[in-house]
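**Q** Protein chains in written order, with my numbering: chain F, 1 to 413; chain D, 1 to 413.
Sharing a structure below in structure tokens format, with a few things to ask.
Number of protein chains: 2
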Amino acid sequence: MISKIVVKDARFPLTGGAGSDAIHQNPVYSYTVACLYDDKGNCGTGLAFTLGAGNELVCAAARFYGEKLVGKELTEVMASFGDWFKQRSDEQQFRWLGPHKGVVHLALAAVTNACYDLWAKQQQVPLWKLLLDLTPEQVVNTLDLSYLEEVLPREEAVRMLTEMQASRASREGVLRTGYAAYDTSAGWFNYSDDQLEANCKRALDNGFRALKLKVGAKDPDTDIRRAHIVRNTVGDEIKVMVDANQQWNLPQAIAIGKKLAAINPYWIEEPTHPDDILAHKTLADALNPVKLALGEHVPNKVIFKNYLQTGSAGFIQVDAVRVGGVSEFITVSLLCKKFGVPVVPHVGDMGQLHQHLVLFNHIGMGHEALFLEHIPHLRKHFVHPALITDGFYKTPETPGSSCDLLSLNTFPG
Amino acid sequence: MISKIVVKDARFPLTGGAGSDAIHQNPVYSYTVACLYDDKGNCGTGLAFTLGAGNELVCAAARFYGEKLVGKELTEVMASFGDWFKQRSDEQQFRWLGPHKGVVHLALAAVTNACYDLWAKQQQVPLWKLLLDLTPEQVVNTLDLSYLEEVLPREEAVRMLTEMQASRASREGVLRTGYAAYDTSAGWFNYSDDQLEANCKRALDNGFRALKLKVGAKDPDTDIRRAHIVRNTVGDEIKVMVDANQQWNLPQAIAIGKKLAAINPYWIEEPTHPDDILAHKTLADALNPVKLALGEHVPNKVIFKNYLQTGSAGFIQVDAVRVGGVSEFITVSLLCKKFGVPVVPHVGDMGQLHQHLVLFNHIGMGHEALFLEHIPHLRKHFVHPALITDGFYKTPETPGSSCDLLSLNTFPG
Numbered sequence: 001m002i003s004k005i006v007v008k009d010a011r012f013p014l015t016g017g018a019g020s021d022a023i024h025q026n027p028v029y030s031y032t033v034a035c036l037y038d039d040k041g042n043c044g045t046g047l048a049f050t051l052g053a054g055n056e057l058v059c060a061a062a063r064f065y066g067e068k069l070v071g072k073e074l075t076e077v078m079a080s081f082g083d084w085f086k087q088r089s090d091e092q093q094f095r096w097l098g099p100h101k102g103v104v105h106l107a108l109a110a111v112t113n114a115c116y117d118l119w120a121k122q123q124q125v126p127l128w129k130l131l132l133d134l135t136p137e138q139v140v141n142t143l144d145l146s147y148l149e150e151v152l153p154r155e156e157a158v159r160m161l162t163e164m165q166a167s168r169a170s171r172e173g174v175l176r177t178g179y180a181a182y183d184t185s186a187g188w189f190n191y192s193d194d195q196l197e198a199n200c201k202r203a204l205d206n207g208f209r210a211l212k213l214k215v216g217a218k219d220p221d222t223d224i225r226r227a228h229i230v231r232n233t234v235g236d237e238i239k240v241m242v243d244a245n246q247q248w249n250l251p252q253a254i255a256i257g258k259k260l261a262a263i264n265p266y267w268i269e270e271p272t273h274p275d276d277i278l279a280h281k282t283l284a285d286a287l288n289p290v291k292l293a294l295g296e297h298v299p300n301k302v303i304f305k306n307y308l309q310t311g312s313a314g315f316i317q318v319d320a321v322r323v324g325g326v327s328e329f330i331t332v333s334l335l336c337k338k339f340g341v342p343v344v345p346h347v348g349d350m351g352q353l354h355q356h357l358v359l360f361n362h363i364g365m366g367h368e369a370l371f372l373e374h375i376p377h378l379r380k381h382f383v384h385p386a387l388i389t390d391g392f393y394k395t396p397e398t399p400g401s402s403c404d405l406l407s408l409n410t411f412p413g
Numbered sequence: 001m002i003s004k005i006v007v008k009d010a011r012f013p014l015t016g017g018a019g020s021d022a023i024h025q026n027p028v029y030s031y032t033v034a035c036l037y038d039d040k041g042n043c044g045t046g047l048a049f050t051l052g053a054g055n056e057l058v059c060a061a062a063r064f065y066g067e068k069l070v071g072k073e074l075t076e077v078m079a080s081f082g083d084w085f086k087q088r089s090d091e092q093q094f095r096w097l098g099p100h101k102g103v104v105h106l107a108l109a110a111v112t113n114a115c116y117d118l119w120a121k122q123q124q125v126p127l128w129k130l131l132l133d134l135t136p137e138q139v140v141n142t143l144d145l146s147y148l149e150e151v152l153p154r155e156e157a158v159r160m161l162t163e164m165q166a167s168r169a170s171r172e173g174v175l176r177t178g179y180a181a182y183d184t185s186a187g188w189f190n191y192s193d194d195q196l197e198a199n200c201k202r203a204l205d206n207g208f209r210a211l212k213l214k215v216g217a218k219d220p221d222t223d224i225r226r227a228h229i230v231r232n233t234v235g236d237e238i239k240v241m242v243d244a245n246q247q248w249n250l251p252q253a254i255a256i257g258k259k260l261a262a263i264n265p266y267w268i269e270e271p272t273h274p275d276d277i278l279a280h281k282t283l284a285d286a287l288n289p290v291k292l293a294l295g296e297h298v299p300n301k302v303i304f305k306n307y308l309q310t311g312s313a314g315f316i317q318v319d320a321v322r323v324g325g326v327s328e329f330i331t332v333s334l335l336c337k338k339f340g341v342p343v344v345p346h347v348g349d350m351g352q353l354h355q356h357l358v359l360f361n362h363i364g365m366g367h368e369a370l371f372l373e374h375i376p377h378l379r380k381h382f383v384h385p386a387l388i389t390d391g392f393y394k395t396p397e398t399p400g401s402s403c404d405l406l407s408l409n410t411f412p413g
């Protein structure tokens with residue numbers, strides 16, 4: 001039985017330009033940490049990610065949702081978690097504050113993720129294994145597929161998962177090799193050209209075969225110059241992604257995107273406003289064959305459905321600490337599978353949770369095992385930080401979802 | 001000079017089924033009330049609307065934005081309010097909580113609306129007159145047109161307003177006749193069939209020529225039955241709108257919408273999820289010539305742009321206490337004018353603020369003077385409640401935007 005929920009406001013200032021991009025010059029990586037206790041002494045930890053100011057609002061909203069769990073049996077909640085999730089996301093007064101976006105949805109993510117973490121800890125298995133051991137019906141019971149009826153009815157979701165079961169063995173090798181990682185920390189916006197070049201070399205030395213550069217400078221020539229520095233440093237075989245963090249309007253994105261094509265970017269990420277579905281479609285057509293990656297700021301399955309229906313996204317970067325947690329992450333991943341678009345999560349969780357989810361996506365859902373973003377700046381704060389060796393995430397074996405933080409008692413709340 | 005900001009959390013429980021709809025069974029009409037004081041003794045009041053729980057989160061976020069105004073000259077802020085608005089809506093840490101949606105954007109609405117109210121009070125004119133007395137350039141300086149460059153560049157916005165100036169006199173008659181109102185309080189979801197019929201008769205007696213019925217019942221036959229009650233009671237000359245408050249998924253909306261066509265609804269409002277741009281397009285095509293109305297839950301100009309570009313909305317119901325206040329309301333109204341779609345605001349403010357804005361939209365922007373929603377349940381709480389006589393809003397003459405509340409000291413904060 002769930003005995004109590006405690007929500008903590010954990011903030012980790014960064015230094016020296018780490019985390020900077022065109023829009024966010026001075027982020028403070030922060031978590032709303034939902035701690036869900038059962039009467040057996042287990043504690044489930046669920047995160048939502050913010051950039052500092054306002055994290056206290058998400059914490060307050062998470063307490064609202066979390067209190068609805070106290071006194072409940074977790075296994076019963078998880079047996080039909082999709083229903084519980086829909087009830088919470090449609091709490092009739094709170095719903096006005098979204099619906100299904102912003103502070104309230106981030107808060108629901110933290111509480112949802114705490115449920116999954118506690119569920120896995122109670123069963124003494126890592127989350128990826130818990131998810132893989134569920135039957136297709138059990139997985140779909142954890143999902144809220146409302147407002148997706150015309151593209152992903154329940155029966156189809158079950159069928160998609162069922163069809164992937166026979167070929168699982170062919171994909172389980174990833175558990176031994178590890179899941180490939182790409183390096184986001186090479187090219188933060190405020191790093192100098194010299195730092196950038198040195199970081200690219202270090203990334204190669206560390207075994208990464210893909211890395212990211214932040215763009216969106218006031219002077220587009222800066223972006224082009226730095227993109228060429230990266231390409232010249234890493235050579236043609238390494239995948240280079242560029243990320244504008246929404247800085248451009250549509251005409252700018254078209255103009256600059258065409259110039260960036262010269263360095264053969266693997267994708268252009270968040271070129272413009274994350275709500276602008278049709279602008280992304282126009283842009284994707286204009287920049288073809290260069291592909292767009294988006295989703296870091298997309299809050300829910302309905303908007304992802306729209307992006308997928310327009311065919312504008314080459315890669316979907318759904319983040320389980322932005323959408324409504326693990327449940328909606330899996331829903332969006334199923335949608336992507338249906339539309340044939342790879343899922344490459346944004347890792348507000350620094351990859352701790354997503355290292356589990358990409359394993360499920362690949363083995364259980366048949367998604368291609370592409371690579372997972374890696375951001376190292378918070379590793380010292382996690383009890384079990386993700387282990388990256390020679391450019392690969394090591395498969396986590398500890399029970400739960402790897403989201404426990406050290407020194408949690410030092411945070412308010 | 002702006003000397004301080006105080007934010008109050010004002011909540012007004014309703015009784016007897018008032019305010020109920022298919023999604024919101026028990027709303028508590030609530031305002032985040034931003035009170036902006038200058039050193040001359042003026043107080044500007046700005047509202048954001050919520051349904052109760054979580055209003056305190058919006059209040060907290062409004063304090064964050066409001067403090068940025070303390071010590072500033074309001075006239076200087078308003079001279080380039082579009083820049084100020086963009087800076088606030090892109091506050092780099094807070095922005096993560098949206099961007100431009102949810103709790104933080106509601107909060108920005110409250111603070112923005114307080115600026116406009118104080119501006120009008122300082123000039124001792126009602127807000128509609130202040131807006132009409134601005135030059136086209138001055139109006140556009142109050143707007144943030146970013147992310148709209150491909151459809152509404154600044155020069156075009158100025159030109160649109162300039163072109164409407166010569167014909168203003170032909171539209172100023174509305175100041176004397178008043179602006180037509182429609183009655184939303186006739187057909188709340190939880191009202192019995194008998195109440196519904198009595199309310200429809202009362203609406204006609206009170207001079208209304210248009211009214212709304214809440215639909216979205218679990219059994220669609222209930223919706224059809226009640227829609228026929230309304231049509232049979234009011235006759236064929238009265239406009240009847242039906243409002244599902246997002247209750248239906250797309251297949252349901254198509255099926256029920258086709259049946260509701262039998263009563264010739266003037267529009268079908270919020271048929272499905274407010275983020276689902278493409279579903280609304282599919283639905284609009286399926287139900288044509290019945291038109292859709294939407295926007296009550298649409299948080300920003302970018303999403304409105306998408307709706308307008310798909311051509312799915314017959315009526316846009318932008319709400320100045322949902323989007324980023326008066327400034328973004330005018331931006332969206334200009335977009336609608338560009339795309340030839342009428343603006344019929346949702347009135348989370350109970351029409352207090354919008355009675356000013358529709359006068360500006362009609363006289364200053366050339367929008368058709370259709371009608372404005374009327375909801376009477378909070379009138380006793382306003383210092384200057386909107387006056388509706390024989391189905392028309394009386395033009396407000398008191399300085400400001402008519403948003404001052406009585407007994408504000410009784411609320412916390």
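Built from N, CA and C at the ideal position, the CB exists for glycine as well.
Everything numeric in this text was worked out from a predicted model, so none of it was measured.
How about K121/D: is its C-beta nearer than 8 angstroms to some C-beta of chain F?
**A** Output row for K121/D: interface = no.
**Q** Got a sec, what are the start and stop residues for the alpha helix (DSSP H) Y266/D sits in?
**A** Where Y266/D is concerned, there is no enclosing alpha helix (DSSP H), given that its DSSP letter is neither H nor E.
**Q** Nearest CA to the CA of A372/F: which residue from E73/F, G364/F, A61/F and Q352/F?
**A** The sequence given here places Leu at residue 372/F; Ala does not occur at that position. For L372/F, the nearest C-alpha among the options comes from Q352/F.
**Q** Could you say which of A369/D, G400/D, A34/D and Y191/D lies nearest to E67/D if we only look at CA atoms?
**A** The residue with the shortest Cα to Cα distance from E67/D is A34/D.
**Q** Does the ligand COA have a heavy atom nearer than 7 angstroms to the CB of L106/F?
**A** The ligand COA is not part of the structure shown, which contains no ligands of any sort.
**Q** Can you give me the C-alpha to C-alpha distance between P376/F and S167/F, rounded to a whole angstrom?
**A** Taking the straight line joining both Cα atoms gives about 34 angstroms.
**Q** Please name the residue in N26/D, R379/D and H354/D whose C-alpha comes closest to that of Q93/F.
**A** Minimum Cα distance to Q93/F is reached at N26/D.
**Q** Under 8 angstroms, Cβ to Cβ, is there at least one residue of chain D near I19/F?
**A** Residue identity differs from the one stated: residue 19/F is Gly in this sequence, not Ile. No, G19/F lies away from the interface with chain D (no Cβ there is under 8 angstroms from its Cβ).
**Q** Could one say the Cβ of H354/D lies closer than 8 angstroms to chain F's Cβ atoms, at least one of them?
**A** No, its Cβ sits nowhere closer than 8 angstroms to a Cβ of chain F.
**Q** Is T50/D close to chain F, meaning its C-beta is less than 8 angstroms from at least one C-beta of that chain?
**A** At least one chain F Cβ lies under 8 angstroms of T50/D.
**Q** Answer yes or no: does any C-beta atom of chain F fall closer than 8 angstroms to that of W84/D?
**A** It does not; no Cβ of chain F falls within 8 angstroms.
**Q** By the DSSP assignment, the beta strand (DSSP E) with T177/F in it spans what residues?
**A** Taken as a continuous stretch (DSSP letters only), T177/F belongs to no beta strand (DSSP E), being part of the alpha helix (DSSP H) at V174 to T177.
**Q** Can you tell me where the beta strand (DSSP E) holding A48/F begins and where it ends?
**A** Taken as a continuous stretch (DSSP letters only), the beta strand (DSSP E) holding A48/F covers C43 to T50.
**Q** Only counting the same chain, and skipping five residues up and downstream in sequence, which positions put a Cβ closer than 7 angstroms to that of L74/F?
**A** I2, D38, C115, L118, W119 and Q122, listed in sequence order.
**Q** Closer than 6 angstroms by C-beta to A48/D: which residues in its own chain qualify, once you throw out the five before and the five after it? Chain order, please.
**A** Counting only Cβ-Cβ distances below 6 angstroms, and skipping sequence neighbours, we find T32, V58, L106, A109, A110 and V321.
**Q** In the DSSP assignment, what residue or residues form a beta bridge with M241/F?
**A** Looking at the DSSP assignment, M241/F forms a beta bridge with K212/F and W267/F.
**Q** Taking all protein chains shown into account, decide if H228/D is buried (16 or more other Cβ within 10 angstroms of its Cβ) or exposed.
**A** Exposed: under 16 other Cβ atoms inside 10 Å.
**Q** Which of the residues in the segment 34-62 of chain D, read from start to end, lie with their CB under 9 angstroms from any CB of chain F?
**A** Result list: F49, T50, L51, G52, A53, G54, N55, E56, L57, V58, A60 and A61.
**Q** Residues bridged to L294/F by DSSP?
**A** Note: L294/F sits in a beta bridge opposite I316/F.
**Q** Report the residue from D9/D, V332/D and L370/D whose alpha carbon sits nearest the alpha carbon of V344/D.
**A** Of the candidates D9/D, V332/D and L370/D, the one whose C-alpha sits nearest the C-alpha of V344/D is L370/D.
**Q** Restricting to Cα atoms, I'd like to know which of N264/D, F304/D and G366/D is closest to N496/D.
**A** Look at the range of chain D in this structure, 1 to 413, and you will see that residue 496/D is not part of it.
**Q** According to DSSP, D183/F sits in a beta bridge with which residue or residues?
**A** DSSP, once it has assigned bridges, lists L211/F and H374/F as partnering D183/F.
**Q** Residues of chain D with a CB under 7 angstroms from the CB of W96/F: which are they?
**A** What W96/F touches in chain D: T50 and L51.
**Q** Quick one: give me the first and last residue of the alpha helix (DSSP H) that R88/F is part of.
**A** Taken as a continuous stretch (DSSP letters only), the alpha helix (DSSP H) holding R88/F covers F81 to S89.
**Q** Taking one C-beta from the segment 1-18 of chain D and one from the segment 142-152 of chain F each time, how about it: are there three or more such pairs within less than 8 angstroms?
**A** Flag = no, the segment 1-18 of chain D and the segment 142-152 of chain F do not touch.
**Q** In angstroms with no decimal places, state the Cα-to-Cα distance between K281/F and K281/D.
**A** About 16 angstroms.
**Q** Against chain D, with Cβ distances strictly below 8 angstroms, would Q195/F count as a contact?
**A** No, Q195/F does not count as interfacial toward chain D.
**Q** When the cut-off is 8 angstroms and only beta carbons count, does K8/D lie next to chain F?
**A** No, no contact with chain F.
**Q** For V162/D, report the span of its alpha helix (DSSP H) as first-last.
**A** Here the sequence assigns Thr to residue 162/D, which means Val is not the residue at that position. Segment R154 to E163, the alpha helix (DSSP H) holding T162/D.
**Q** Let me know the secondary structure DSSP gives E333/D once reduced to three states.
**A** As written in the sequence, residue 333/D is Ser, which differs from the Glu given in the question. The answer is helix: DSSP assigns S333/D an H, G or I state.
**Q** Taking only the alpha-carbon atoms, compute the straight-line gap between V290/D and A253/D and give it to the nearest angstrom.
**A** Approximately 12 angstroms, taken between the alpha carbons.
**Q** Using a C-beta cutoff of 8 angstroms, does V28/D count as contacting chain F?
**A** For V28/D, the answer is yes, since a Cβ of chain F falls inside 8 angstroms of its Cβ.
**Q** Does the CB of N245/F have a neighbour CB from chain D at under 8 angstroms?
**A** Not one chain D Cβ lies under 8 angstroms of N245/F.
**Q** Checking the sheet assignment: what are the DSSP bridge partners for S30/D?
**A** R11/D and T50/D, per the DSSP bridge assignment.
**Q** By how many angstroms is the C-alpha of H367/F removed from the C-alpha of F360/D?
**A** For F360/D and H367/F, the distance between alpha carbons rounds to 53 angstroms.
**Q** Could you check whether S401/D and L127/D sit closer than 8 angstroms to each other, using their CB atoms as the reference points?
**A** Yes, the Cβ-Cβ distance between L127/D and S401/D is below 8 angstroms.
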